[in-house]
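Asker: Each residue of the first sequence is one higher than the one before, counting from 7 in the working numbering.
C-beta atoms are modelled at their ideal positions from N, C-alpha and C, and glycine is treated no differently.
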Amino acid sequence: MQEIEQAERQARYNPAEIEPKWQARWDADPALYRAEEHDSGKPKFYCLEMLPYPSGQLHMGHVRNYAIGDALARYMWMRGYNVLHPMGWDAFGLPAENAAIKNNTPPREWTLSNITAMRKQMRRMGLSYDWAGTEVTTCLPEYYRWNQWFFLKMFERGLAYRKSSKVNWCPKCCTVLANEQVINGYCWRHEDTLVEQRELEQWFLRITKYADELLDGLDNLPGWPEKVRTMQRNWIGRSEGAEVEFSVRDAADQKIPVFTTRVDTIFGATSIQLAPEHALVRVWATQDAELARSVETMLAEQQAARESGDIGAIEKHGVATGRHAVNPFNGQTLPIWVANYILADYGTGAIMSVPAHDERDFEFAVKYSLPTKRVVAPANSGGTDDNSDDLALPYTGEDEAVLVDSGQWTGHSSLEAQDEMGRFAEEQGFGKRTTTFRLKDWGVSRQRYWGTPIPMVYCEKDGIVPVPEAQLPVLLPEKIEITQEGGSPLAKLPGFVDTTCPKCGGPARRETDTMDTFVDSSWYFYRYTDAHNANAPFDSAKANYWFPIDQYIGGVEHAILHLIYSRFWTKVMRDLGLIANGEPAERLFTQGMVIKDGAKMSKSKGNVVSPDDMIARYGADATRMYALFAAPPDRDLEWQEEGVAGISRFLARVYRLVMKFAPAVRSVKTGAHGDEIARAAFAAQTPAGAALLRTLHQTIAKISEDFSGRWHFNTCIAAIMILVNEMAAAEPKMESGAIATITIAETVCTLVLLLAPFAPFMAAELWVEIGEEGALLRQPWPVADAELARESEIEVPVQVNGKLVIVVKLAAGADEEAMKSAVLADERVAARITGKTVLKTIVVKGKLVNLVVK
RNA sequence: GCCGGGAUGGCGGAACUGGCAGACGCAGCGGACUCAAAAUCCGCCGAUCGCAAGGUCAUGGGGGUUCGAUUCCCCCUCCCGGCACCA
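#1: Using a 10 Å radius around the Cβ and a threshold of 16 neighbouring Cβ atoms, would you call glycine 715 buried or exposed?
#2: Per DSSP, which one or two residues make a beta bridge with histidine 330?
#3: Run the CB neighbour count on asparagine 240, radius 10 Å, all protein chains shown included, and call it buried at 16 or more, exposed below.
#4: Compare the Cα-Cα distances from serine 4 to each of Leu761, Val525, Ile262 and Lys215 and report the closest residue.
#5: Alpha carbon to alpha carbon, how far is glutamine 704 from histidine 679? Give it in angstroms, no decimals.
#6: Check the C-beta distance from methionine 620 over to valine 614 and give it rounded, since I have them as a contact under 8 Å.
#7: Where does the unbroken alpha helix (DSSP H) through valine 69 begin, and where does it stop?
#8: Any idea if valine 850 is buried or exposed, counting beta-carbon neighbours within 10 angstroms, 16 or more meaning buried?
#9: Just to confirm, are histidine 363 and glycine 274 a CB contact at a threshold of 7 Å?
#10: Where does serine 527 sit, in a helix, a strand or coil, going by DSSP?
#11: Is glycine 435 buried or exposed, if buried means 16 or more other CB atoms sit within 10 Å of its CB?
#12: Over the uninterrupted alpha helix (DSSP H) stretch that includes leucine 782, give me the two end residues.
#13: Report the three-state DSSP secondary structure of alanine 817 (helix, strand or coil).
#14: Mind checking which residues open and close the beta strand (DSSP E) that includes threonine 442?
#15: Relative to the C-alpha of glutamate 365, which residue among Trp343, Thr402 and Val344 is closest?
#16: Figure out for me which residue from Ile750, Gly337, Pro590 and Pro26 has the closest Cα to the Cα of threonine 276.
#17: Determine the extent of the alpha helix (DSSP H) in which methionine 56 is found, giving its start and end residues.
#18: Should threonine 506 go down as buried or exposed, given a rule of 16 or more other Cβ atoms within 10 Å for buried?
#19: For valine 408 versus alanine 385, is the C-beta spacing smaller than 7 Å?
#20: Along the chain, where does the beta strand (DSSP E) containing threonine 847 start, and where does it finish?
#21: For aspartate 367 and glycine 355, what's the separation of their Cα atoms in angstroms?
#22: Where DSSP assigns a beta bridge to asparagine 110, which residues make up the other side?
#23: Starting from isoleucine 320, follow its DSSP beta bridges and name the residues at the other end.
#24: For glutamate 251 and phenylalanine 443, I'd like the C-alpha separation in whole angstroms.
#25: Name, in chain order, the residues that DSSP records as bridge partners for serine 451.
#26: Helix, strand or coil: which one does DSSP assign to lysine 233?
#27: Considering only their Cβ atoms, is the gap separating valine 802 from leucine 854 smaller than 7 Å?
#28: Could you check which residue in Glu487, Arg130, Lys373 and Gly469 has the C-alpha nearest to that of alanine 514?
#29: How far does the alpha helix (DSSP H) with asparagine 550 in it reach, from first residue to last?
#30: Around the Cβ of glutamine 16, are there at least 16 other Cβ atoms within 10 angstroms (buried) or fewer (exposed)?
#31: For the segment 759-779 against the segment 712-728, are there 3 or more C-beta pairs whose distance is under 8 Å?
#32: Let me know the secondary structure DSSP gives cysteine 510 once reduced to three states.
#33: Check the DSSP bridge columns for glutamate 251 and list the partner residues they point to.
#34: Are there 16 or more other CB atoms within 10 angstroms of the CB of asparagine 109, so buried, or fewer, so exposed?
#35: Where do the N-terminal and C-terminal ends of the beta strand (DSSP E) with methionine 733 fall, by residue?
#36: What are the residues that DSSP puts in a beta bridge with asparagine 88?
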């Protein structure tokens with residue numbers, strides 16, 4: 007009695023004991039999962055998950071992300087790849103400052119202690135990162151000095167520049183935000199805070215120089231999700247068209263360039279519309295009090311709409327300026343209006359209004375009774391249109407549509423005319439064919455403390471002077487008081503601000519803004535390849551060996567932030583000669599969100615589940631395995647704790663089963679698994695043993711295939727469950743003897759290997775228990791034997807008129823004739839077709855038989 | 001409005017190139033073991049009619065192609081995400 011209890015206790019699966027033990031062992035010997043030397047001769051595989059912000063706590067989104075990446079990295083190791091699987095910290099940023107204000111803790115201290123806590127959590131999760139070799143922390147001078155170095159390189163090349171412009175200002179962050187960080191008018195960090203517009207002088211990075219390449223490059227990234235590519239395409243927003251210069255009547259010096267994608271409709275222009283912020287409007291407003299008032303109202307209304315959050319809801323309206331412009335194509339005079347729907351910062355801030363062929367212009371023209379002039383007709387109208395038919399306007403046309411009433415271009419197609427008229431404008435000197443982007447340059451100045459100091463100096467004599475490379479890093483001062491009042495905290499530190507001009511040696515002021523933290527994350531993955539290099543951001547040879555990233559895994563929320571910035575940065579680094587490739591990642595995977603009670607798991611919604619709790623209750627293996635099992639990785643995952651308990655039960659079952667067979671496995675000579683002798687022995691199997699081996703090899707095949715791209719780890723784990731169920735059921739049926747023992751040993755050994763990517767702690771533990779030696783990650787991944795996996799018998803569904811009647815068992819190799827006769831010989835089939843005529847027999851080899859009868 | 005992704009039992013999901021719809025798990029029900037409970041093991045588990053054998057209906061809705069459709073085509077509804085007066 008006591009002995010039985012003793013035995014039961016020994017066989018009880020206890021992750022709280024197993025997991026910390028292995029965690030300690032892996033920590034002590036990182037060589038178990040460290041990348042090989044570059045010249046190892048193995049193929050390389052760079053597997054990367056997006057680096058986290060060190061908030062202090064891992065959440066389930068992280069757990070899911072890392073469970074995917076870690077499973078892949080472990081699989082690739084076992085497949086014999088030279089794997090780089092690093093982790094680091096996006097360690098600059100606002101929360102550290104907010105914590106400093108709240109708790110009076112220095113941001114550096116707060117951040118570093120959070121990192122320590124989260125690193126511990128990640129280790130507890132059993133994630134296979136090489137901490138000592140590759141960890142990167144962006145808030146350390148050894149890292150951010152290279153941000154400054156890149157900034158100087160960009161400045162040299164005119165890619166970093168300073169300009170005054172309207173910028174997004176978050177009153178809660180007390181800093182400027184990039185366009186990418188404004189979501190529907192709200193701050194990306196403060197869902198309830200509307201972003202204000204302020205006119206400020208700021209540093210910008212010329213990402214627009216790469217707009218074309220960033221866009222076109224998307225076509226060559228088949229390994230990226232279509233969704234992300236589409237989002238980036240929309241964000242970059244390329245429009246090809248023409249810029250045409252209208253002149254202001256009676257004011258020879260005043261010109262109004264307009265941008266249009268439909269220059270072919272220019273003969274139909276009936277007014278010019280300017281944005282309220284347009285430079286000419288400002289000039290005219292000084293001479294026209296009424297106009298000034300109207301424009302002011304317009305701007306105030308926009309401001310109010312922005313504040314209420316629905317700028318799209320404003321009704322279109324405008325006001326005539328009383329001035330007129332001349333259409334250079336036909337000399338026609340058009341009234342100039344100011345309209346609230348014209349965007350100041352897109353194109354030229356001015357448009358030609360063609361009511362007949364543009365929906366917005368049409369709406370506007372109807373409202374103010376502006377004339378509508380048709381100049382394009384559908385291709386099938388033969389181009390003879392005389393404006394008198396009743397085709398519904400606006401007619402926005404198509405490429406083949408035909409121009410009417412358009413001077414020398416009458417009768418030409420829209421598409422032809424667009425090109426011809428653009429050329430004509432160029433020849434005549436009043437326009438050009440051009441391309442406009444929605445993408446704007448990246449504003450990187452932040453009026454905050456916890457970021458990379460921008461390495462620039464302002465000298466009264468020499469103006470903007472870059473800090474010489476030799477003087478890098480410009481260190482971020484440690485002792486500083488952070489307050490809520492806004493403005494750059496560094497500006498209040500005379501010891502930081504006051505410096506000497508590197509050019510003339512005279513007194514000068516340092517730039518006191520810091521860089522956007524998206525700068526840090528734009529190139530961190532290159533640093534992983536050479537994390538401790540003190541002389542360069544990284545060694546080019548090392549980067550070129552590892553890049554591009556073979557598999558990048560992260561949330562889709564970075565589609566137009568990090569993922570566009572880092573593509574830009576990569577292209578800049580390529581042009582600097584640092585790297586060979588212009589794209590950072592060959593393949594990108596965006597995992598779904600973790601959902602609880604119908605909403606994304608988040609602190610603010612109060613529906614978070616703590617990984618620590620789950621680990622304490624069920625273990626890390628069960629927690630990460632559940633994250634993979636509950637849904638395919640690309641879909642959202644509904645968190646249900648009962649599911650974790652289910653996985654935990656399954657793992658306990660595996661543990662007991664393997665422990666039960668462990669003595670038998672140990673008794674089998676190592677090296678027998680999968681070799682010729684064993685295989686010959688399998689040929690003489692009992693049916694139960696053969697069936698088990700068949701399932702085993704089908705499972706290997708299924709999992710291996712999924713790792714190569716489909717990533718449906720939920721079905722991989724289901725397949726392992728089936729194997730375990732079958733093993734438990736088959737074993738009692740198998741006769742005892744050498745063959746059965748070998749079969750069981752083979753199955754158990756392979757099962758442990760198959761579990762290694764998903765439940766690494768338990769796999770490592772069981773690997774030792776069954777008498778194997780050596781690091782599990784260095785074991786070769788099992789290879790499926792097609793011969794063993796093949797079914798000897800198949801079940802063939804038989805249909806009559808497409809409806810299932812019976813299922814017959816046939817030998818696997820049966821040809822069409824054999825299938826047909828076997829089916830017709832079956833009495834149940836015969837009963838179904840007596841008295842009827844078989845019109846047609848459809849036989850799909852190995853699949854089914856369908857009798858069409860009448 | 002445009003773009004992308006979805007909709008399958010009580011729940012998460014499976015069915016990969018058109019071929020047995022509901023794998024695997026969760027929850028539930030029944031049983032074994034137990035003084036009892038937990039744990040474990042075994043069985044059942046889409047709806048409906050039927051004592052049963054078996055039948056009928058069923059993958060958001062409606063059409064179509066096909067011997068055969070969760071899968072392909074057309075139309076529609078709803079949900080999630082992105083962009084949104086971009087000229």
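Answerer: Let's see:
#1: To locate residue 715, count along the first sequence from 1; it is residue 709. Counting Cβ neighbours within 10 Å, glycine 715 comes out exposed, since fewer than 16 surround it.
#2: Counting from one through the first sequence, the residue named residue 330 turns up at place 324. DSSP lists Pro341 as partners of histidine 330.
#3: Taking the first residue of the first sequence as position 1, residue 240 is located at position 234. Counting Cβ neighbours within 10 Å, asparagine 240 comes out exposed, since fewer than 16 surround it.
#4: Because the chain is modelled from 7 through 860, residue 4 falls outside the range shown and cannot be assessed.
#5: Counted from its first residue, the first sequence places residue 679 at position 673. Counted from its first residue, the first sequence places residue 704 at position 698. Note that histidine 679 scores 49 on pLDDT, short of 50, meaning its location in the model is unreliable; the coordinates nonetheless yield the value given after this. So the alpha carbons of these two residues sit roughly 16 Å apart.
#6: What you label residue 620 is simply residue 614 of the first sequence in a count that begins at 1. What you label residue 614 is simply residue 608 of the first sequence in a count that begins at 1. With a Cβ gap of about 11 Å, methionine 620 and valine 614 do not count as contacting.
#7: Start at 1 with the first residue of the first sequence, and residue 69 comes out as number 63. Looking at the DSSP string, the run of the alpha helix (DSSP H) that includes valine 69 is 66-84.
#8: By 1-based counting over the first sequence, the position of residue 850 is 844. Counting Cβ neighbours within 10 Å, valine 850 comes out exposed, since fewer than 16 surround it.
#9: The sequence position of residue 363 within the first sequence is 357, counting from 1. The sequence position of residue 274 within the first sequence is 268, counting from 1. Between histidine 363 and glycine 274, the C-beta spacing is below 7 Å.
#10: Within the first sequence, residue 527 is the residue found at index 521, counting from 1. Residue state, collapsed to three classes: coil.
#11: Counting from 1 along the first sequence, the entry for residue 435 is found at position 429. Classified as exposed, glycine 435 has fewer than 16 neighbouring CB atoms from the shown chains inside 10 Å of its CB.
#12: Numbered from 1 along the first sequence, position 776 holds the residue referred to as residue 782. No alpha helix (DSSP H) contains leucine 782, which DSSP labels as neither H nor E.
#13: Translated into the one-based positions of the first sequence, residue 817 becomes position 811. Here alanine 817 sits in strand by DSSP.
#14: Here residue 442 is taken as the residue at index 436 of the first sequence, counted from 1. Note, threonine 442: beta strand (DSSP E), 437-443.
#15: For the purposes of this step, residue 365 is taken as residue 359 along the first sequence, with counting starting at 1. Measuring from the Cα of glutamate 365, the nearest candidate turns out to be Thr402.
#16: On the first sequence, position 270 is the one that residue 276 refers to. Of Ile750, Gly337, Pro590 and Pro26, the residue nearest in Cα terms is Gly337.
#17: Along the first sequence, read from residue 1 onward, the residue named residue 56 stands at position 50. Taken as a continuous stretch (DSSP letters only), methionine 56 belongs to no alpha helix (DSSP H), as it is neither H nor E.
#18: Position 500 of the first sequence holds residue 506. Threonine 506 should be labelled exposed.
#19: Looking up residue 408 in the first sequence gives position 402. Looking up residue 385 in the first sequence gives position 379. Taking 7 Å as the Cβ cut-off, valine 408 and alanine 385 qualify as a contacting pair.
#20: Stepping through the first sequence from its first residue, residue 847 is reached at position 841. Residues 844-850.
#21: Translated into the one-based positions of the first sequence, residue 367 becomes position 361. Translated into the one-based positions of the first sequence, residue 355 becomes position 349. Taken atom to atom, the span from the alpha-carbon of aspartate 367 to that of glycine 355 is near 15 Å.
#22: Against the first sequence, residue 110 aligns to sequence position 104. In the DSSP output, where bridge partners are listed per residue, asparagine 110 has none listed.
#23: For this step, residue 320 is matched to residue 314 along the first sequence. According to DSSP, isoleucine 320 bridges with nothing at all.
#24: The sequence position of residue 251 within the first sequence is 245, counting from 1. The sequence position of residue 443 within the first sequence is 437, counting from 1. Roughly 19 Å separates the two Cα atoms.
#25: Within the first sequence, the letter at position 445 stands for residue 451. Paired residues: Met521.
#26: Translated into the one-based positions of the first sequence, residue 233 becomes position 227. Correct three-state label for lysine 233: helix.
#27: In the first sequence, counting from the first residue as 1, residue 854 sits at position 848. In the first sequence, counting from the first residue as 1, residue 802 sits at position 796. Going by C-beta atoms, leucine 854 is nearer than 7 Å to valine 802.
#28: The sequence position of residue 514 within the first sequence is 508, counting from 1. For alanine 514, the nearest C-alpha among the options comes from Gly469.
#29: Start at 1 with the first residue of the first sequence, and residue 550 comes out as number 544. Run containing asparagine 550: 546-552, per the alpha helix (DSSP H) assignment.
#30: Residue 16 sits at position 10 when you count from the first residue of the first sequence. Low confidence applies here, because glutamine 16 scores a pLDDT of 46, under 50, leaving its location unreliable and the question unanswered by this model.
#31: With a cut-off of 8 Å, the segment 712-728 and the segment 759-779 count as touching, because enough Cβ pairs lie within range.
#32: For the purposes of this step, residue 510 is taken as the residue at position 504 of the first sequence. If DSSP states are grouped into helix, strand and coil, cysteine 510 belongs with coil.
#33: In the first sequence, residue 251 corresponds to position 245, counting from 1. Looking at the DSSP assignment, glutamate 251 forms a beta bridge with Pro263.
#34: Here residue 109 refers to the residue found at position 103 when the first sequence is read from its first residue. Exposed is the call here.
#35: One-based indexing of the first sequence puts residue 733 at position 727. Run containing methionine 733: none in the beta strand (DSSP E); it sits in the alpha helix (DSSP H), 719-736.
#36: On the first sequence, position 82 is the one that residue 88 refers to. The secondary-structure analysis by DSSP pairs asparagine 88 across a beta bridge with Lys50.
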